[in-house]
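Novice:
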Amino acid sequence: METKKKMVAEARLFVRLGLLSFAGFVFYYAHLFFGLLDNVVLFKMLAVTFLLATLPLPIIAVNNKKLFPELNASGRTVLKLVTALLLIHHFLMTFIFVMFLQGGSIF
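Start counting the sequence shown at 697; every next residue gets the next number (the numbering used here).
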């Protein structure tokens with residue numbers, strides 16, 4: 697019974713981090729197109745926070761074979777690919793936000 701609770705906890709953690717990471721998409725593109733935050737420090741901190749929330753997703757997806765037992769091998773491969781692409785996207789957007797943006801909208 698202990699392992700089932702652990703599996704459920706890891707799946708919940710993965711889903712929560714995934715939802716937080718997809719909220720990062722909203723943040724990144726809302727700021728790029730609309731310039732929602734005027735405080736430079738705040739939007740840089742949020743960008744780093746979304747990157748740190750996304751960092752464990754590929755690690756959990758690759759290392760945990762029992763994360764979603766209903767998925768077949770191709771589903772697991774797609775899950776690993778999506779989490780890796782999400783991490784790469786958030787890394788690049790965080791790099792752009794922290795290094796180049798000074799506040800305000802781009803377009």
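Even glycine gets a Cβ: it sits at the ideal position worked out from N, Cα and C.
(1) Cα separation between Leu715 and Leu728?
(2) Would a C-beta distance cut-off of 7 Å place Leu783 and Pro754 closer than the cut-off?
(3) Near Ala707, which residues of its chain fall below 8 Å by C-beta distance, leaving aside the five closest residues on each side in sequence?
(4) If the criterion is Cβ atoms closer than 7 Å, does the pair Phe721 and Ile756 meet it?
(5) Would you kindly work out how many angstroms separate the C-alpha atoms of Ala749 and Ala780, rounded to a whole number?
(6) In terms of alpha-carbon separation, which member of His786, Asn760, Leu788, Ala769 lies closest to Lys702?
(7) Quick check on DSSP: helix, strand or coil for Phe796?
(8) Out of Leu797, Thr790, Ala705, Thr699, which has the shortest C-alpha to C-alpha gap to Phe746?
(9) Output the boundary residues of the alpha helix (DSSP H) element that contains Pro752.
Specialist: Once the coordinates are examined:
(1) Looking at the two C-alpha atoms, the distance is approximately 20 Å.
(2) The beta carbons of Leu783 and Pro754 sit closer together than 7 Å.
(3) Hits under 8 Å: Leu763, Phe764.
(4) For Phe721 and Ile756, no; Cβs fall outside 7 Å.
(5) Near 13 Å, if we compare the C-alpha coordinates of Ala780 and Ala749.
(6) It is Asn760 whose Cα lies nearest to the Cα of Lys702.
(7) DSSP places Phe796 outside both helix and strand once states are collapsed to three, so it counts as coil.
(8) Nearest C-alpha to Phe746 among Leu797, Thr790, Ala705, Thr699: Thr790.
(9) For Pro752, the enclosing alpha helix (DSSP H) starts and ends at 752–759.
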